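Asker: Quick note on our numbering: the sequence shown kicks off at 21 and runs consecutively.
Take this structure, written in structure tokens, and hold onto it; I'll ask about it next.
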Amino acid sequence: MNSSINIIVTVLLIFWGGVLMMSPMMIVAEGIRDNRGSLLFVMAILGYPIVVFGVIKILGLPYFGMNVTGWLTAVTAVWLIVILLYGLPGMFWNAGRGISNNGYFASVDAVYHDGKRMRHADARSFKLLTDNRYAIDKTTVFYHGDPVREADPASFEPVAEAQPDTSRIVADTGTRIFWRDKNHIYYNGKLIPGCDPASFELMAGLYSRDASHVYYSDQVLAGVDPRTFRFLGEGIATDGKVLYIYHKRSETPVDLSSFTVIEGEYERFCRDNNGVYMLFVLQDEPLVRAAGADPATFTTLERSYGKDKDHVYFFGNYQGKGQQFVLLEGANPATFTIGYDAATKSEARDGSRSYLYGERVD
Numbered sequence: 021m022n023s024s025i026n027i028i029v030t031v032l033l034i035f036w037g038g039v040l041m042m043s044p045m046m047i048v049a050e051g052i053r054d055n056r057g058s059l060l061f062v063m064a065i066l067g068y069p070i071v072v073f074g075v076i077k078i079l080g081l082p083y084f085g086m087n088v089t090g091w092l093t094a095v096t097a098v099w100l101i102v103i104l105l106y107g108l109p110g111m112f113w114n115a116g117r118g119i120s121n122n123g124y125f126a127s128v129d130a131v132y133h134d135g136k137r138m139r140h141a142d143a144r145s146f147k148l149l150t151d152n153r154y155a156i157d158k159t160t161v162f163y164h165g166d167p168v169r170e171a172d173p174a175s176f177e178p179v180a181e182a183q184p185d186t187s188r189i190v191a192d193t194g195t196r197i198f199w200r201d202k203n204h205i206y207y208n209g210k211l212i213p214g215c216d217p218a219s220f221e222l223m224a225g226l227y228s229r230d231a232s233h234v235y236y237s238d239q240v241l242a243g244v245d246p247r248t249f250r251f252l253g254e255g256i257a258t259d260g261k262v263l264y265i266y267h268k269r270s271e272t273p274v275d276l277s278s279f280t281v282i283e284g285e286y287e288r289f290c291r292d293n294n295g296v297y298m299l300f301v302l303q304d305e306p307l308v309r310a311a312g313a314d315p316a317t318f319t320t321l322e323r324s325y326g327k328d329k330d331h332v333y334f335f336g337n338y339q340g341k342g343q344q345f346v347l348l349e350g351a352n353p354a355t356f357t358i359g360y361d362a363a364t365k366s367e368a369r370d371g372s373r374s375y376l377y378g379e380r381v382d
């Protein structure tokens, strides 16, 4: 009997470890943080070993011959640390007073962010901006509840979208990354030193520029001419002298005058007059030339396939060895098509051969 109880308790303790690891997801789940009943339930779930060892102690049962009082003390201490670390008692208290624990909340005489009072915010003039990360009062701009250095609340606004001739993609209009006031530009709540708000404009892929500089996120790209800088696609840009991939200089030799990103389902293929290139994002030098591919006739297909007049290619995790550009030997580009076939469990075929992730499956 005792051995069975000990096994059950041990299984419950192992399960408790999983519950503790899952606790951050429980706490951030929608509706949990502002509901007292839900918060009590979470605290109870996190603390159920206290009840288990409490019952064992009351009944005088052993736990593998160990000190049950010690176990009870240990699990209680862990429970207290966890609920205090996540601030659950404070959330419970706020929920009872009608104060939201999610984002900004303003009452008649106080302002809160994630349930914590913002001591220096003026409740009467407090206003939440369209992007709920930002808010203002009569003297201060706030980002996630913290004051934004030097920001002017009277002129603080999101940066307008890029002009039509500067990019094909612009910043998300729901959650703006860049904001401005009359004196500065801000990126995720941080002032970008030296950036001119009068001439600043968004481009794409986190690129932007003013009259003097080009920026990637909040960093200046040294020596880049904003007048000739243009975005090509998939994090790739150039000023006519250097090719940049996610703001880093590419060392792969290309003809910049003819270099373009090939549009398709995956903008991972590029070309110039001399060749075809693939973008391997995680490599130190992400741009790699595809040996043998014909730039004049190369086209992209779905599911990371491509072809030219003579060959078919696959770009992806080939044979579990990571991202590769593979020539499919013998595949006929004239008859090669994409589409799932249940009989062969393939995603592409050329009439006589079937392929899945670049490998033959017929």
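Backbone N, C-alpha and C fix where the C-beta goes; we use that ideal spot for every residue, glycine too.
All figures in this text were calculated on a predicted structure; none of them were measured in a lab.
Considering just the uninterrupted stretch of the alpha helix (DSSP H) at THR89, what are its terminal residues?
Answerer: Translated into positions along the sequence shown, residue 89 becomes position 69. Unbroken alpha helix (DSSP H) run through THR89: 88-105.
Asker: Per the contact definition of three or more C-beta pairs closer than 8 Å, is the stretch 273-289 in contact with the stretch 231-247?
Answerer: No: the two stretches stay apart, fewer than three of their Cβ pairs being nearer than 8 Å.
Asker: How close, in whole Å, do the beta carbons of PRO353 and VAL332 come, if the pair is a contact with beta carbons under 8 Å?
Answerer: As a working note, residue 353 is residue 333 in the sequence shown. As a working note, residue 332 is residue 312 in the sequence shown. Right, their Cβ atoms sit about 5 Å apart.
Asker: So LEU62 and MET46 are supposed to be a Cβ contact under 8 Å. How far apart are they, rounded?
Answerer: Residue numbering aside, residue 62 sits at position 42 when the sequence shown is read from its first letter. Residue numbering aside, residue 46 sits at position 26 when the sequence shown is read from its first letter. As written in the sequence, residue 62 is Val, which differs from the Leu given in the question. At roughly 5 Å, the Cβ-Cβ gap stays under 8 Å, so VAL62 and MET46 are in contact.
Asker: Going by DSSP in three states, SER43 sits in which element: helix, strand or coil?
Answerer: Position 23 of the sequence shown holds residue 43. Here SER43 sits in helix by DSSP.
Asker: Where PRO213 and PRO44 are concerned, what is the direct C-alpha to C-alpha distance, given to the nearest angstrom?
Answerer: Here residue 213 refers to the residue found at position 193 when the sequence shown is read from its first residue. Here residue 44 refers to the residue found at position 24 when the sequence shown is read from its first residue. In a straight line, the C-alpha of PRO213 is about 36 Å away from that of PRO44.
Asker: Buried or exposed for HIS140, going by 16 or more other Cβ atoms inside 10 Å?
Answerer: Against the sequence shown, residue 140 aligns to sequence position 120. By the 10 Å Cβ count, HIS140 comes out exposed.
Asker: Determine, using beta carbons only, whether VAL296 and THR272 come nearer to each other than 8 Å.
Answerer: Stepping through the sequence shown from its first residue, residue 296 is reached at position 276. Stepping through the sequence shown from its first residue, residue 272 is reached at position 252. Their beta carbons are not under 8 Å apart, which means VAL296 does not touch THR272 by this criterion.
Asker: What number of angstroms, rounded off, separates the C-alpha of PHE198 from the C-alpha of TYR206?
Answerer: Here residue 198 is taken as the residue at index 178 of the sequence shown, counted from 1. Here residue 206 is taken as the residue at index 186 of the sequence shown, counted from 1. Taking the straight line from one Cα to the other gives about 6 Å.
Asker: Locate the alpha helix (DSSP H) running through ARG56, then write down its first and last residues.
Answerer: Start at 1 with the first residue of the sequence shown, and residue 56 comes out as number 36. Segment 56-66, the alpha helix (DSSP H) holding ARG56.
Asker: I think GLY165 touches HIS133, with their Cβ atoms under 8 Å apart; what is that distance to the nearest whole Å?
Answerer: Within the sequence shown, numbered from 1, the residue matching residue 165 stands at position 145. Within the sequence shown, numbered from 1, the residue matching residue 133 stands at position 113. Indeed, because the Cβ distance is near 3 Å, the residues count as touching under 8 Å.
Asker: Please report the straight-line C-alpha distance between GLN343 and PHE335, rounded to a whole angstrom.
Answerer: As a first step, residue 343 is located in the sequence shown; it is residue number 323 there, counting from the start. As a first step, residue 335 is located in the sequence shown; it is residue number 315 there, counting from the start. Answer to the nearest angstrom: the Cα atoms are 7 Å apart.
Asker: DSSP beta-bridge partners for ASN337?
Answerer: In the sequence shown, the residue the question calls residue 337 occupies position 317. Answer is GLN343.
Asker: For MET138 versus VAL131, is the C-beta distance shorter than 8 Å?
Answerer: The sequence position of residue 138 within the sequence shown is 118, counting from 1. The sequence position of residue 131 within the sequence shown is 111, counting from 1. Yes, the pair counts as a contact, with Cβ atoms nearer than the cut-off.
Asker: By Cβ distance below 8 Å, which residues in the same chain neighbour GLY116 in space, the five residues on each side in sequence not counted?
Answerer: Locating residue 116 in the sequence shown gives position 96, where the first residue counts as 1. Counting only Cβ-Cβ distances below 8 Å, and skipping sequence neighbours, we find ARG56.
Asker: Tell me which same chain residues have a C-beta within less than 7 Å of the C-beta of PHE125, skipping the five on either side of it?
Answerer: Taking the sequence shown and counting its residues from 1, the one referred to as residue 125 is at position 105. Cβ neighbours of PHE125 beyond the five flanking positions: ILE119 and TYR132.
Asker: Pairs of beta-carbons, one from the stretch 84-97 and one from the stretch 65-74, closer than 8 Å: are there three or more?
Answerer: Taking 8 Å as the limit for Cβ pairs, the verdict is that the stretch 65-74 does touch the stretch 84-97.
Asker: Which runs of the beta strand (DSSP E) spanning at least 3 residues fall entirely within the stretch 199-282, listed in chain order?
Answerer: Runs found: 205-207, 227-229, 234-236, 250-253, 256-258 and 263-265.
Asker: Tell me the DSSP secondary structure of LEU33 in three-state form.
Answerer: Reading the sequence shown from its first residue, position 13 is the one you call residue 33. LEU33 falls in the helix class under three-state DSSP.
Asker: Measure the alpha-carbon distance for MET223 versus ALA257 and round it to whole angstroms.
Answerer: As a first step, residue 223 is located in the sequence shown; it is residue number 203 there, counting from the start. As a first step, residue 257 is located in the sequence shown; it is residue number 237 there, counting from the start. Looking at the two C-alpha atoms, the distance is approximately 10 Å.
Asker: So, with DSSP's three-state summary, where would you put LEU348?
Answerer: To locate residue 348, count along the sequence shown from 1; it is residue 328. Three-state result, LEU348: coil.
Asker: Under a Cβ-count criterion, where at least 16 other Cβ atoms within 10 Å of its own Cβ denotes burial, should SER187 be classed as buried or exposed?
Answerer: Mapped onto the sequence shown, residue 187 falls at position 167. Note that SER187 has pLDDT 36, beneath the 50 cutoff, so the model's placement of it is unreliable and the number below is only indicative. Label assigned to SER187: buried.
Asker: Under the three-state reduction of DSSP, which class applies to ALA368: helix, strand or coil?
Answerer: As a working mapping, residue 368 is identified with position 348 in the sequence shown. Looking at ALA368 - three-state DSSP - the assignment turns out to be strand.
Asker: What does the alpha-carbon distance come out to for the pair LEU386 and LYS327?
Answerer: Lying outside 21 to 382, the shown extent of the chain, residue 386 is not represented and no answer is given.
Asker: Measure the alpha-carbon distance for LEU263 versus ALA310 and round it to whole angstroms.
Answerer: As a first step, residue 263 must be located in the sequence shown, where it is residue number 243. As a first step, residue 310 must be located in the sequence shown, where it is residue number 290. Using only the alpha carbons, I get a separation of about 18 Å.
Asker: Span of the beta strand (DSSP E) holding GLY359?
Answerer: Taking the sequence shown and counting its residues from 1, the one referred to as residue 359 is at position 339. Run containing GLY359: 357-361, per the beta strand (DSSP E) assignment.
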